[in-house]
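Novice:
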Amino acid sequence: MTFNYFDHDLSDLHQKLLNHELTAQELTQATLDNITASDGDVQAFLGTNGPEALQQAQELDQKGDFSNPLAGIPMGLKDNLSTKGLETRGASKILAGFKPVYDATVVQKLQAAGAISVGKLNMDEFAMGGSTENSAYQKTTNAWDHTKVPGGSSGGSAAAVAAGQIPYALGSDTGGSIRQPAAFNGIVGLKPTYGRVSRFGLFAMASSLDQIGPLTRTVKDNALVLNAIAGFDKMDSTSVKSEVPDFTAQLNQGIKGMRIAVPKEYFEEGIDPKVAQQVKSAIEQLRELGATVDEVSLPHTRYGVAAYYIIMSSEASSNLQRYDGIRYGFRAPEAKSLEEVYVQTRSQGFGDEVKRRIMLGTFSLSAGAYDAFFKKAAQVRTLIVEDFNKVFNDYDLIVGPTAPTTAYGLGEEINDPKAMYLADALTIPVNLAGLPGLSINAGFVDGLPVGLQLIGKPFDEATIYQAAQAFEDATRWFEKRPAVAEKY
Amino acid sequence: MLSQRSQLYLLFFKKQIRRNLIYVKIDEYNNLERIVVRLVFKQVQMKVVNMAETISRNDVAHVASLAKLAFDEAKLDQFTDQLTDILTLFETLSEVDTSAVEPTYSVTPNVNHLREDVADNWHQKQELLANAPEEAADLIKVPAIIKGEDD
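These protein sequences, in sequence, are chains A and B.
The numbering of the first sequence is the UniProt record's numbering, which starts it at 1 and goes up by one.
The numbering of the second sequence is the UniProt record's numbering, which starts it at 1 and goes up by one.
#1: Taking 7 Å as the threshold (C-beta atoms), are T83(A) and V118(A) in contact?
#2: Taking the alpha-carbon positions, what's the F200(A) to L170(A) distance?
#3: So, is A468(A) buried or exposed, given that buried needs 16 or more other C-beta atoms within 10 angstroms?
#4: Using a cut-off of 9 Å between C-beta atoms, extract the partners of Q277(A) located in chain B.
#5: Spell out whether any CB of chain B is found under 7 Å from the CB atom of N431(A).
#6: If we cut at 7 Å on Cβ distances, does T238(A) have a partner in chain B?
#7: Considering only the alpha carbon of each residue, which of I310(A), L365(A), P404(A), S318(A) lies closest to L426(A)?
#8: So, for A474(A): in the same chain, excluding its five sequence neighbours on each side, which residues have a beta-carbon less than 8 Å away from its beta-carbon?
#9: Does the beta carbon of S56(B) sit closer than 7 Å to a beta carbon anywhere in chain A?
#10: Looking at A442(A) and V430(A), is the spacing between their C-beta atoms short of 7 Å?
#11: Please check the pair I455(A) and G437(A), which I expect to be a contact at CB under 8 Å, by giving their CB distance rounded to whole angstroms.
#12: Counting only C-beta atoms, is F459(A) closer than 7 Å to chain B at any point?
#13: From which residue to which residue does the alpha helix (DSSP H) around D387(A) run?
#14: Over the uninterrupted beta strand (DSSP E) stretch that includes Y168(A), give me the two end residues.
#15: So P74(A) and L224(A) are in contact, right, with Cβ under 8 Å, and what is the actual spacing, rounded?
#16: Less than 7 Å between the C-beta atoms of T174(A) and D210(A), yes or no?
#17: Which residue comes first and which comes last in the beta strand (DSSP E) that contains V293(A)?
#18: With C-beta atoms as the reference, is E133(A) less than 7 Å away from V354(A)?
#19: If you measure between the beta carbons of P100(A) and Y168(A), is that distance less than 7 Å?
#20: So, is the C-beta of E135(B) closer than 7 Å to a C-beta in chain A?
#21: Should P333(A) go down as buried or exposed, given a rule of 16 or more other Cβ atoms within 10 Å for buried?
#22: L83(B) touches chain A at which residues, Cβ-Cβ below 9 Å?
#23: Can you tell me where the alpha helix (DSSP H) holding I358(A) begins and where it ends?
#24: Tell me whether T141(A) sits in a helix, a strand or coil according to DSSP, three-state version.
#25: Excluding the 5 residues flanking E134(B) on each side, which residues of the same chain have their C-beta closer than 6 Å to its C-beta?
#26: Where does I60(A) fall in DSSP's three states?
#27: For P214(A), would you say it is in contact with chain B, using Cβ-to-Cβ distances shorter than 7 Å as the test?
#28: Going by Cα to Cα distance, which pick from G361(A), D65(A), D272(A) is closest to A307(A)?
#29: Work out the CA separation of F79(B) and V96(B) for me, nearest whole Å.
#30: Confirm, please, whether the CB-CB distance from Y303(A) to V380(A) is below 7 Å.
#31: Please specify which runs of the alpha helix (DSSP H), each continuous and at least 4 residues long, are wholly inside the stretch 249 to 336 of chain A, giving them in chain order.
#32: Bridge partners for P214(A) per DSSP, in chain order?
#33: Give me the Cα-Cα distance between N122(A) and Q138(A), rounded to the nearest whole angstrom.
#34: I'd like the span of the beta strand (DSSP E) that includes N441(A), first residue to last.
#35: Which residues of the stretch 367 to 396 of chain A have a Cβ closer than 7 Å to any Cβ of chain B? Give them in chain order.
#36: Locate the alpha helix (DSSP H) running through V118(B), then write down its first and last residues.
Below, the structure written as structure tokens:
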């Protein structure tokens, strides 16, 4: 028996569990049935852990404590989040069979809240990619059109939520990997401020850029999940001791008088004109709701993209050195010497995109190139941060499109270099500056979702949610359902 | 002996060089000839002009060995092309004057998180060994590091 998540949000589910209209076991079993019903088409899940999930649900039902807003509610985790004793592979062959020996902090927090993880969600290998096609295991499809990509690298997380398999999922975002798949699948995805959510237990890609965040169908659901996962963690030395407000508190305050900035660099050549039109209508909607909207400039945007590739690949090349066939994961069977273990394991275990980025990063950091590449990129990063600071002196939010196109076809690539460039430029600077960024559905173009991105000041997720909620109430795009919804 | 490209550049700047409006410094930097042109009469502007046509296949092979990756001939050629493409990234970045800019390596205000130097034990030996590709005698087993006489 399946469950129709399109008819309920987290608050509704919470009430039903409190009133004993639903038990955690029923909901968990129904969720597993959802996945069976629709994952043939969507392929979001790499694997489910039905027995463990049902066990957990049973214990919860026995204890009977559903006071936490997330208690008893199933969810999914991106395959780069460590779950103790459950296979976690980062969608890579090099970690085949790997079972982490601890839970990521976000996993521990959700478990303490009573959330039930039902399985691991597909992604680009080690989060490297924008379409989830770089997964070493399977291709995930877009929830709205199974011939299109779900975006990436958190494509499985976004597609599973958009397809109504689960009410929420966690993803990770280094250069747009939560926001872009959220845009392609028409849902809400937030990348929190860098340092807001602990990275302990997240397979590191680029340590100064990575953040974990929630993907949900509504703004309030997103805020509820952020409430549960945010907070200082002594296990993550980049975690910031910042007070965690109740992110749902300001949701219904509206946006009268809010000052919104739209960077002209985000509407440059390369954006699909229909997408641009849809996003501009969305921004008009914000004006109608009482915000002031002005055009601004973020002049170093294009330098930010170049800097990102150097910084991201340098940090990633360093972080991926640990995959050496010695202590865990795949080890090349024919390796006869230590050197062969390293080289053969990595050459056989990594996919092409991963190798490409490792090569780029290793080059950028190598003797002689370090100053010209890595240090220079870090200096440009300072200029990006300053661009944003200048705008935020006078404005509360920066908005624009999340992606320059809607989801493209599986197996296709973006051919237009200007579109490819914009696809990076729209999301990357937010990671470079460590700012919070959210994508919300702003409507449809030819049946495919378009994302509106809202960027906020450091640690000001509350203002982002406030604006997103006002926009959601006025437009209610989340009420539209993909065809796959009929399977439940 | 300068490459043809470098000579062309020098020709372009010949007039200014003669009029002492700029000075030209040519040096080697990571196998790339680099002409540093400094416009003296305007505000000091460093422009690094990348003279290399390509990154050599040897450079790429060296990077691959640093990264502990092996490639066949075709892939090595492919990567040589791709890494040469990143010179355009470098050129893009060179357009920006960062002479007075501090690098940003991390966007948090944190400096160091310290804790008391007290040893902790997570008692995970068995779980950790369970993940090892090969284990023996409670240790992770690896191929020989030092060649024996019978090799």
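Even glycine gets a Cβ: it sits at the ideal position worked out from N, Cα and C.
Model, not experiment: these values are computed from the prediction.
Specialist: A quick look at the data gives this:
#1: no
#2: 14 Å
#3: buried
#4: For Q277(A), there are no neighbours in chain B by C-beta distance under 9 Å, as the nearest C-beta there is about 30 Å away.
#5: no
#6: So yes, T238(A) belongs to the interface.
#7: P404(A)
#8: Q285, E288, L289
#9: no
#10: In this structure, A442(A) does not lie closer than 7 Å to V430(A) by Cβ.
#11: 5 Å
#12: With a threshold of 7 Å between beta carbons, F459(A) makes no contact with chain B.
#13: 376 to 394
#14: Annotation: the continuous beta strand (DSSP E) that includes Y168(A) extends over 168 to 173.
#15: So it is not a contact: roughly 15 Å between Cβ atoms.
#16: yes
#17: 292 to 296
#18: Taking 7 Å as the cut-off, the beta carbon of E133(A) is found no closer than this to the beta carbon of V354(A).
#19: P100(A) places its beta carbon 7 Å or farther from that of Y168(A).
#20: no
#21: Result: exposed.
#22: M359, L360, F363
#23: 352 to 365
#24: coil
#25: K141
#26: Note on residue identity: the sequence assigns Leu, not Ile, to residue 60(A). Correct three-state label for L60(A): helix.
#27: no
#28: G361(A)
#29: 27 Å
#30: yes
#31: 273 to 288, 301 to 319
#32: L170(A)
#33: N122(A) and Q138(A): Cα-Cα distance of roughly 8 Å.
#34: 437 to 445
#35: Under the 7 Å Cβ criterion, the stretch 367 to 396 of chain A contributes G368, A369, A372, F373, K375, K376, A377, A378, Q379, V380, R381, T382, L383, V385.
#36: Neither: V118(B) is in no alpha helix (DSSP H) and is coded neither H nor E.
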